[in-house]
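Under UniProt numbering, think of the first position of the sequence shown as 1, with each following residue one higher.
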Amino acid sequence: MKYLLLLPVFFVLITPSEAVTTRMFKVLDTCARYRLKEKTALVAIKDLKLKYEGKEESEAELFIKLYCSVFTPNENVDF
């Protein structure tokens with residue numbers, strides 16, 4: 001009987017961790033597509049739902065480069 005009560009609690013606790021991994025995958029995927037030049041900087045910023053007020057492409061490239069560098073700290077990659 002105790003197991004039946006613990007089962008819903010387990011599912012409630014596991015759901016947020018699934019959402020985090022999905023979000024992390026989307027960030028890593030978007031950064032990789034930007035590095036491979038499949039997406040422009042402005043499109044990558046839009047896909048990541050980041051707050052960016054500028055319209056200039058060169059500023060957007062610096063912005064997304066700095067953002068994505070957090071997720072690839074061990075790589076010495078120049079975008």
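Backbone N, C-alpha and C define an ideal beta-carbon position, used for all residues, glycine too. In this text, all values refer to a predicted model and were calculated from it rather than measured experimentally.
Nonlocal neighbours in the same chain, by C-beta distance under 8 Å from residue i, ignoring five residues either side
{"i": "E53", "result": "none"}
{"i": "T22", "result": "none"}
{"i": "K37", "result": "none"}
Proximal residues to residue i (C-beta, below 6 Å), its chain only, five neighbours per side dropped
{"i": "residue 102", "result": "A question about residue 102 goes unanswered here, because the residues of the chain that appear run from 1 up to 79."}
Under 8 Å between C-beta atoms of residue i and residue j
{"i": "V27", "j": "L42", "result": "no"}
Alpha helix (DSSP H) segment containing residue i, residue limits
{"i": "F71", "result": "Segment: none, F71 is in no alpha helix (DSSP H) and carries neither H nor E."}
{"i": "L42", "result": "A41 to D47"}
Backbone secondary structure at residue i - three-state DSSP
{"i": "K26", "result": "helix"}
{"i": "E57", "result": "helix"}
{"i": "Y52", "result": "coil"}
{"i": "L62", "result": "helix"}
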